[in-house]
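Under this note's numbering, read the sequence shown as residues 28 to 105, first letter to last. Don't be surprised by glycine CBs; every beta carbon is placed ideally from N, CA and C. This one's a predicted model, so the numbers in the text were calculated from it and none came from an experiment.
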Amino acid sequence: MLIGVFHTHVANQFSDEAKSQLLSTISRIGKERDIFHLYNNIQDTYLHLDTILSGKEYKRTIGETDGHGRWFSIDLKG
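Spelled out as C-alpha cells, the structure:
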C-alpha cells in the first residue's frame with residue numbers, strides 16, 4: 028500500500044521546527060513504507076514531489092506555484 032501526503036500553502040504557517048518534524052516523520056515512515064510527499068512552501072514556493080520507494084529517497088521539483096495558492100503548474104517530464 029502506498030501512502031500519499033499532500034499539502035500546499037498551509038506549510039508557510041508552520042514554524043521551522045514543525046517543518047523539520049514533518050519531514051523527519053515522513054522520512055521515518057519511508058524506512059518501512061513507500062510514501063509520496065507532494066508540497067510547496069517548506070523551503071520555497073516551488074511544487075515538490077518527494078518519494079521514498081523501497082527505502083530509497085527521490086526529490087524532484089515539478090512545478091511553480093502562486094504565493095497565494097491561486098494556481099500552480101506541473102512539469103513531470105524533467
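* To do: Can you tell me which of the three DSSP states residue 60 falls into?
  => coil
* Asked: Alpha carbon to alpha carbon, what distance is there between residue 50 and residue 79?
  -> 12 Å
* To do: May I ask you to report which of helix, strand or coil DSSP gives residue 101?
  => coil
* Asked: Exposed or buried, which one is residue 120 when buried takes at least 16 other CB atoms within 10 Å?
  -> Residue coverage of the chain in this structure runs from 28 to 105, which leaves residue 120 outside it and unanswerable.
* Asked: Which residues bound the beta strand (DSSP E) around residue 33?
  -> 30-33
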